[in-house]
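Colleague: The numbering used here applies: residue 1 is where the sequence shown begins, and numbers increase by one.
Note that CB positions come from ideal geometry on N, CA and C, so glycine has one too.
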Amino acid sequence: MDLSTKYLGLDLKHPVVASPSQLSADLDGVLRLADAGAAAIVMASIYEEQISAEEIRHAALTDQGADSQPEAAGYFSTREDRGVLESRLEILRKASERAGVPIIASLNGQSDAGWVGFAQKLQQAGASAIELNIYRVPADSAETGAQVEESYAAIVRAVKQQVSIPVAVKIAPFFSSPANLATKLAGAGADGLVLFNRFYEPDIDLKTLTPQVNLHLSTPYDIRVPLMWISLISPRFKGSIAATTGVWSGEEVVKYLIVGADVAMTASALVKFGPAHIGVLVSGLRDWMERRGFASLDAFRGRLADHRRAFDAAALMRAEYRDILTAGYASVIR
Ligand SMILES: Cc1cc2nc3c(=O)[nH]c(=O)nc-3n(C[C@H](O)[C@H](O)[C@H](O)COP(=O)(O)O)c2cc1C
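1. Could you say if the stretch 121-133 and the stretch 87-97 meet the contact criterion of at least three C-beta pairs nearer than 8 angstroms?
2. Leu232 lies in the alpha helix (DSSP H); which residues open and close that run?
3. Could you please give me the residues that DSSP links to Thr210 through a beta bridge?
4. Closer than 8 angstroms is the cut-off here; do at least three beta carbon pairs connect the stretch 208-217 with the stretch 239-246?
5. What does a CB cutoff of less than 7 angstroms around Leu304 pick up in its chain, not counting 5 residues either side in sequence?
6. Rounding to the nearest angstrom, what Cα-Cα distance links Ser283 and Ser19 in this structure?
7. Hey, how far is the Cα of Asp67 from the Cα of Arg57?
8. If you count every other CB in all the chains shown that lies within 10 Å of the CB of Asn108, and 16 or more means buried, which is it?
9. Run the proximity test for Pro220: is its beta-carbon closer than 6 angstroms to any non-hydrogen atom belonging to ligand 1?
10. Taking only three categories from DSSP, how would you classify Ala295?
11. Span of the alpha helix (DSSP H) holding Gly145?
12. In whole angstroms, give me the CA-to-CA distance for Phe311 and Ser141.
13. Hey, would you say the C-beta of Arg198 is under 6 angstroms away from at least one heavy atom of ligand 1?
14. Look at the alpha carbon of Gly117 and the alpha carbon of Val159, and state the distance between them as a whole number of angstroms.
15. Determine the direct distance from the alpha carbon of Ile46 to that of Ala72, and round the result to whole angstroms.
16. Taking Gly29 as part of the alpha helix (DSSP H), name the residues at either end of that continuous run.
17. Pick from Gly192, Ala40 and Lys13: whose alpha carbon is nearest that of Ala261?
18. Which partner residues of Leu10 appear in the DSSP bridge assignment?
19. Should Val282 be counted as a contact of ligand 1 given a C-beta to heavy atom distance under 6 angstroms?
20. Check Val84 in the structure and name its three-state DSSP category.
21. Could you spell out where the alpha helix (DSSP H) holding Lys238 opens and where it closes?
22. Is Pro178 a contact residue of ligand 1, with contact defined as CB to any heavy atom under 6 angstroms?
23. Whole beta strand (DSSP E) runs in the stretch 272-319 with 3 or more residues, listed along the chain?
24. Quick check: is any heavy atom of ligand 1 less than 6 angstroms from the C-beta of Pro20?
25. Please classify Val137: is it buried, with 16 or more other beta-carbons within 10 angstroms of its beta-carbon, or exposed?
26. Less than 7 angstroms between the C-beta atoms of Ala295 and Ile233, yes or no?
27. Taking the beta carbon of Ala340 as the centre, do at least 16 other beta carbons fall within 10 Å, making it buried, or is it exposed?
28. Suppose the cutoff is 7 angstroms on Cβ atoms and the five residues either side in sequence are ignored; what does the same chain contact list for Thr245 look like?
29. Are the beta-carbon atoms belonging to Ile104 and Val42 less than 7 angstroms from one another?
30. Around the C-beta of Gly145, are 16 or more other C-beta atoms found within 10 angstroms, so that it is buried, or is it exposed?
31. Using 7 angstroms as the threshold, is the C-beta distance between Ala336 and Leu12 below it?
32. Quick check: the Cα distance between Glu201 and Ala53, rounded to an integer number of angstroms?
33. CB-CB under 7 angstroms to Lys184, same chain, minus the five flanking residues each way: which ones, in chain order?
34. Quick one: measure Cβ to Cβ for Val101 and Ala25, integer angstroms, because I've assumed they're closer than 8 angstroms.
35. Relative to the C-alpha of Gln161, which residue among Gln120, Gln147, Ala139 and His216 is closest?
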């Protein structure tokens, strides 16, 4: 049985990829994920703020003397902090040499300022590709949706000018028209999309009346939003598509492939069960293919991608929605 797939032009032995988390933040973790059989590993993100702060500190220490920008230098007050970016590059360098599978570096930011130049260093350190996680909350009511989208495209263009390796863009689902944004990002040079980023919205603690910011792991139920959008976007998007969110078993891997994803990424399940869970996902996929008599991923990938004309797809989805809410009361799961 052939589980091989291509993602961002990289040849992968199967479609299960480790999504960034604390497990891919250090060399030991990356090598454990590789030993456990991950087809590729996306390292934990390097953040725009880390890069900017390090640059400010560097300027403070070299150009104008350590005391001239004390508050800037204060970003990195300890010896460990000072080498944070250099040590991340070193981990990437070693991981790329030793892991035996493609290592994808993740850059996480929100502006197209100078920090995107760091992408070049990631390529030099051996990254096979870059995953650009654009995470920002458009809190300004004067900013239009078109402006928000253009800011995403500008970051992609800026990063693409820095590197020759493939660049995938990880976005959230909260856009007026995700399918149109996908086209815009492809126009800006994106080689792939990672759908979708999870937002970590705060709750409220009613005892202390304070916002409660905490991280909840996903559940398989959470695949539904990416599943729908990947089904709509995949037939019309020329680059690669990675599905992220809710992959806990081989079933979610299968579902994402059926709607047209090239790979399925997983983080929560690995955080909970450890890297060995990759084996569970791959054998779940293999078992399902065996039962159905599929010899390769291409035998079923994209079967439920939405190839209807956009107008028909929209009309049918509207009809389904109406039917579910009006006639489907009896099927509500309690
Ligand atoms: C503990 C934890 C740490 C994460 N760190 C990162 C990160 O550094 N960069 C990033 O792009 N996504 C990060 N994510 C998001 C995941 O990579 C993934 O896209 C998201 O959690 C959805 O997948 P899942 O349902 O398998 O968790 C993190 C998720 C978790 C749970």
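Modeller: Inspection of the coordinates gives the following:
1. yes
2. Here residue 232 corresponds to residue number 232 of the sequence shown, with the count starting at 1. Unbroken alpha helix (DSSP H) run through Leu232: Arg224 to Ile233.
3. By one-based count along the sequence shown, residue 210 stands at place 210. Note: Thr210 sits in a beta bridge opposite Asp205.
4. no
5. Working through the sequence shown from its first residue, we reach residue 304 at position 304. Within the same chain, Leu304 has close Cβ partners Ser231, Ile258 and Val259.
6. Your numbering for residue 283 matches position 283 in the sequence shown. Your numbering for residue 19 matches position 19 in the sequence shown. So the two alpha carbons sit approximately 19 angstroms from each other.
7. In the sequence shown, the residue the question calls residue 67 occupies position 67. In the sequence shown, the residue the question calls residue 57 occupies position 57. With a pLDDT of 46 at Asp67, under the threshold of 50, the modelled position of that residue is not reliable, and the figure given next carries that caveat. Looking at the two C-alpha atoms, the distance is approximately 10 angstroms.
8. Here residue 108 corresponds to residue number 108 of the sequence shown, with the count starting at 1. Counting Cβ neighbours within 10 Å, Asn108 comes out buried, since at least 16 surround it.
9. Counting from 1 along the sequence shown, the entry for residue 220 is found at position 220. Pro220: no, Cβ never under 6 angstroms from ligand 1.
10. Against the sequence shown, residue 295 aligns to sequence position 295. Of the three classes helix, strand and coil, the one that applies to Ala295 here is coil, per DSSP.
11. In the sequence shown, residue 145 corresponds to position 145, counting from 1. Start and end: Gly145 to Gln162.
12. The residue given as residue 311 occupies position 311 in the sequence shown. The residue given as residue 141 occupies position 141 in the sequence shown. Rounded to whole angstroms, Phe311 to Ser141 spans 30 angstroms at the Cα level.
13. Locating residue 198 in the sequence shown gives position 198, where the first residue counts as 1. True, at least one ligand heavy atom lies under 6 angstroms from that Cβ.
14. Translated into positions along the sequence shown, residue 117 becomes position 117. Translated into positions along the sequence shown, residue 159 becomes position 159. Gly117 and Val159: Cα-Cα distance of roughly 7 angstroms.
15. What you label residue 72 is simply residue 72 of the sequence shown in a count that begins at 1. What you label residue 46 is simply residue 46 of the sequence shown in a count that begins at 1. Its pLDDT being 40, under 50, Ala72 is placed unreliably by the model, and the measurement read from it follows with that caveat. Those two C-alpha atoms are separated by around 19 angstroms.
16. As a first step, residue 29 must be located in the sequence shown, where it is residue number 29. It spans Leu27 to Asp35 - the alpha helix (DSSP H) in which Gly29 sits, taken as one unbroken run.
17. Residue mapping note: residue 261 aligns to position 261 of the sequence shown, counting from 1. Cα-wise, what sits closest to Ala261 is Gly192.
18. Translated into positions along the sequence shown, residue 10 becomes position 10. Tyr7.
19. In the sequence shown, the residue the question calls residue 282 occupies position 282. For Val282, the distance from the CB to the nearest heavy atom of ligand 1 is not below 6 angstroms.
20. On the sequence shown, position 84 is the one that residue 84 refers to. The answer is helix: DSSP assigns Val84 an H, G or I state.
21. Indexing the sequence shown from 1 puts residue 238 at position 238. Looking at the DSSP string, Lys238 is not in any alpha helix (DSSP H), and its letter there is neither H nor E.
22. In the sequence shown, counting from the first residue as 1, residue 178 sits at position 178. No, ligand 1 has no heavy atom inside 6 angstroms of this Cβ.
23. none
24. Within the sequence shown, numbered from 1, the residue matching residue 20 stands at position 20. Under cutoff, so the answer is yes.
25. Walking along the sequence shown from the start, residue 137 turns up at place 137. Exposed, because fewer than 16 other Cβ atoms sit within 10 Å of the Cβ of Val137.
26. Along the sequence shown, one-based indexing puts residue 295 at 295. Along the sequence shown, one-based indexing puts residue 233 at 233. Not in contact: Ala295 and Ile233 (Cβ atoms no closer than 7 angstroms).
27. With the chain covering only 1 through 334, there is no way to say anything about residue 340.
28. Against the sequence shown, residue 245 aligns to sequence position 245. Same-chain partners within the cutoff: Phe196, Arg198, Ser218, Asp222, Ile223 and Pro226.
29. Working through the sequence shown from its first residue, we reach residue 104 at position 104. Working through the sequence shown from its first residue, we reach residue 42 at position 42. At the C-beta level, Ile104 and Val42 come within 7 angstroms of one another.
30. The residue you call residue 145 lines up with position 145 of the sequence shown. With fewer than 16 Cβ atoms within 10 Å of its Cβ, Gly145 is classed as exposed.
31. This structure cannot settle anything about residue 336, because the visible part of the chain is limited to 1 through 334.
32. By one-based count along the sequence shown, residue 201 stands at place 201. By one-based count along the sequence shown, residue 53 stands at place 53. Taking the straight line joining both Cα atoms gives about 25 angstroms.
33. Residue numbering aside, residue 184 sits at position 184 when the sequence shown is read from its first letter. Cβ within range, chain order: Glu149 and Ala153.
34. In the sequence shown, the residue the question calls residue 101 occupies position 101. In the sequence shown, the residue the question calls residue 25 occupies position 25. Rounded, the Cβ-Cβ distance is 17 angstroms, inconsistent with contact.
35. Taking the sequence shown and counting its residues from 1, the one referred to as residue 161 is at position 161. Among Gln120, Gln147, Ala139 and His216, the Cα nearest to that of Gln161 is on Gln120.
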